[in-house]
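What follows is a short report on a single structure.
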Amino acid sequence: DAGITQSPRHKVTETGTPVTLRCHQTENHRYMYWYRQDPGHGLRLIHYSYGVKDTDKGEVSDGYSVSRSKTEDFLLTLESATSSQTSVYFCAIMGGAGLAGGNAYEQYFGPGTRLTVT
Amino acid sequence: TQLLEQSPQFLSIQEGENLTVYCNSSSVFSSLQWYRQEPGEGPVLLVTVVTGGEVKKLKRLTFQFGDARKDSSLHITAAQPGDTGLYLCAGAPPGSARQLTFGSGTQLTVLP
Numbered sequence: 162d163a164g165i166t167q168s169p170r171h172k173v174t175e176t177g178t179p180v181t182l183r184c185h186q187t188e189n190h191r192y193m194y195w196y197r198q199d200p201g202h203g204l205r206l207i208h209y210s211y212g213v214k215d216t217d218k219g220e221v222s223d224g225y226s227v228s229r230s231k232t233e234d235f236l237l238t239l240e241s242a243t244s245s246q247t248s249v250y251f252c253a254i255m256g257g258a259g260l261a262g263g264n265a266y267e268q269y270f271g272p273g274t275r276l277t278v279t
Numbered sequence: 011t012q013l014l015e016q017s018p019q020f021l022s023i024q025e026g027e028n029l030t031v032y033c034n035s036s037s038v039f040s041s042l043q044w045y046r047q048e049p050g051e052g053p054v055l056l057v058t059v060v061t062g063g064e065v066k067k068l069k070r071l072t073f074q075f076g077d078a079r080k081d082s083s084l085h086i087t088a089a090q091p092g093d094t095g096l097y098l099c100a101g102a103p104p105g106s107a108r109q110l111t112f113g114s115g116t117q118l119t120v121l122p
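Top to bottom, those sequences are chains S and Z.
Take 162 as the starting number for the first sequence in my numbering and just add one per residue.
Take 11 as the starting number for the second sequence in my numbering and just add one per residue.
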């Protein structure tokens, strides 16, 4: 158990409204990630953070912003939600160099947030 | 962007059968991971392979990393209904070990 929680777990919102999803970790990991998962697309990286106030864009960052003011919390904000942002959102943390050796880092995921934009 | 293609996309088999899932790319990865995801939950790491040609076994699951580190396979022997789930491969590009590229997944259903 990597101690990752996400809130809310489910949300329905209307087009044009702002939405913030929260990811909370209890194990002081430096790297945190936000992904979205859609049928046929696997997991796609939205944004990630490599420390407090240090963030960078992923593959599908348009329409999303993030903030990390504390090590344990990573927030994902949809400034003006659109129907195309209906998805399941996963937060992940990256542990230290894995047991596999070398520089292989392993990710551990939260339970996900199902967001529906109507 | 390095792409990972998984095949098949869907697989439905009877309990006791063997199966293989493939994860292919034209790019080299420094490591490759396999995850399993059950409905309503996040992916859970099964294994990490880092060396070309490496084979790892986890009970009835056998994972192999291609010699050129561009592909991987997951073989399940005598599948059980508890193996049902979405299997995802994920690769770390050379020099970007902390950013993973995920395949689109293989949805496995094992019927009793």
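Heads up, the beta-carbon is just placed ideally off N, CA and C, and yes, glycines get one too.
It should be emphasised that the depicted structure is a prediction, and the values quoted were computed from it without experimental measurement.
What does a CB cutoff of less than 7 Å around Ala261/S pick up in its chain, not counting 5 residues either side in sequence? For this step, residue 261/S is matched to residue 100 along the first sequence. Per-residue confidence for Ala261/S stands at a pLDDT of 47, beneath the threshold of 50, marking its modelled position as unreliable; the derived number appears in the next sentence. Counting only Cβ-Cβ distances below 7 Å, and skipping sequence neighbours, we find nothing.
Leaving out the 5 sequence neighbours to the left and right, which residues in its chain are closer than 6 Å to Glu1/Z when beta-carbon positions are compared? The requested residue 1/Z does not occur in the structure, where chain Z is confined to residues 11 to 122.
Quick one: which residues of the stretch 34–54 of chain Z get their C-beta closer than 9 Å to a C-beta of chain S? List them in chain order. Considering only beta carbons, the part of the stretch 34–54 of chain Z lying closer than 9 Å to chain S consists of Ser40, Ser41, Leu42, Gln43, Tyr45, Gln47, Gly50, Glu51, Gly52, Pro53 and Val54, in chain order.
Own chain, CB closer than 6 Å to Ser114/Z, minus 5 neighbours either side, in chain order: Numbered from 1 along the second sequence, position 104 holds the residue referred to as residue 114/Z. If we look at Ser114/Z and ignore the five residues flanking it on each side, its Cβ neighbours are Gln16.
Tell me the rounded alpha-carbon separation between Phe251/S and Tyr196/S. Taking the first residue of the first sequence as position 1, residue 251/S is located at position 90. Taking the first residue of the first sequence as position 1, residue 196/S is located at position 35. Phe251/S and Tyr196/S have their alpha carbons spaced roughly 5 Å apart.
Can you name the residues of chain S whose CB is closer than 8 Å to the CB of Ser114/Z? In the second sequence, counting from the first residue as 1, residue 114/Z sits at position 104. Residues of chain S with a Cβ closer than 8 Å to the Cβ of Ser114/Z are, in chain order, Gly201, His202 and Gly203.
For the stretch 181–195 of chain S, list every residue whose C-beta sits within 8 Å of some C-beta in chain Z, in sequence order. Of all residues in the stretch 181–195 of chain S, Tyr192 have a Cβ within less than 8 Å of some Cβ in chain Z.
Gly219/S to Ile207/S, Cα distance in whole Å? Here the question's residue 219/S lines up with position 58 in the first sequence. Here the question's residue 207/S lines up with position 46 in the first sequence. For Gly219/S and Ile207/S, the distance between alpha carbons rounds to 5 Å.
Quick one, which of Gly92/Z, Arg79/Z and Leu84/Z has its alpha-carbon nearest Phe73/Z's? Start at 1 with the first residue of the second sequence, and residue 73/Z comes out as number 63. Closest by alpha carbon: Leu84/Z.
Less than 9 Å between CB atoms is the rule here; does Pro169/S satisfy it with respect to chain Z? On the first sequence, position 8 is the one that residue 169/S refers to. No, because no Cβ of chain Z sits closer than 9 Å to the Cβ of Pro169/S.
Are any of the Cβ atoms in chain Z nearer than 9 Å to that of Gly164/S? The residue you call residue 164/S lines up with position 3 of the first sequence. Residue-level contact check: Gly164/S does not touch chain Z, since none of the beta carbons of chain Z fall below 9 Å from its beta carbon.
At a Cβ threshold of 9 Å, is Tyr266/S touching chain Z? As a first step, residue 266/S is located in the first sequence; it is residue number 105 there, counting from the start. So, interface residue.
Mind checking if Tyr211/S is an interface residue toward chain Z, Cβ cutoff 9 Å exclusive? Along the first sequence, read from residue 1 onward, the residue named residue 211/S stands at position 50. Tyr211/S counts as touching chain Z.
Going along the stretch 237–252 of chain S in order, which residues come within less than 7 Å of chain B, judged by CB to CB distance? Absent from the structure: chain B. Protein chains present are S and Z.
Looking at Thr279/S and Val173/S, is the spacing between their C-beta atoms short of 9 Å? As a working note, residue 173/S is residue 12 in the first sequence. As a working note, residue 279/S is residue 118 in the first sequence. Yes; because the gap between Cβ atoms is below 9 Å, this pair is in contact.
Contact between the stretch 265–275 of chain S and the stretch 38–50 of chain Z is defined here as three or more beta-carbon pairs at a separation below 8 Å; is this criterion met? The stretch 265–275 of chain S makes contact with the stretch 38–50 of chain Z; the number of CB pairs closer than 8 Å reaches 3 or more.
Are at least three pairs of beta-carbons, each pair with one atom in the stretch 97–114 of chain Z and one in the stretch 28–42 of chain Z, less than 8 Å apart? The stretch 97–114 of chain Z, when compared against the stretch 28–42 of chain Z, does touch it at the 8 Å Cβ threshold.
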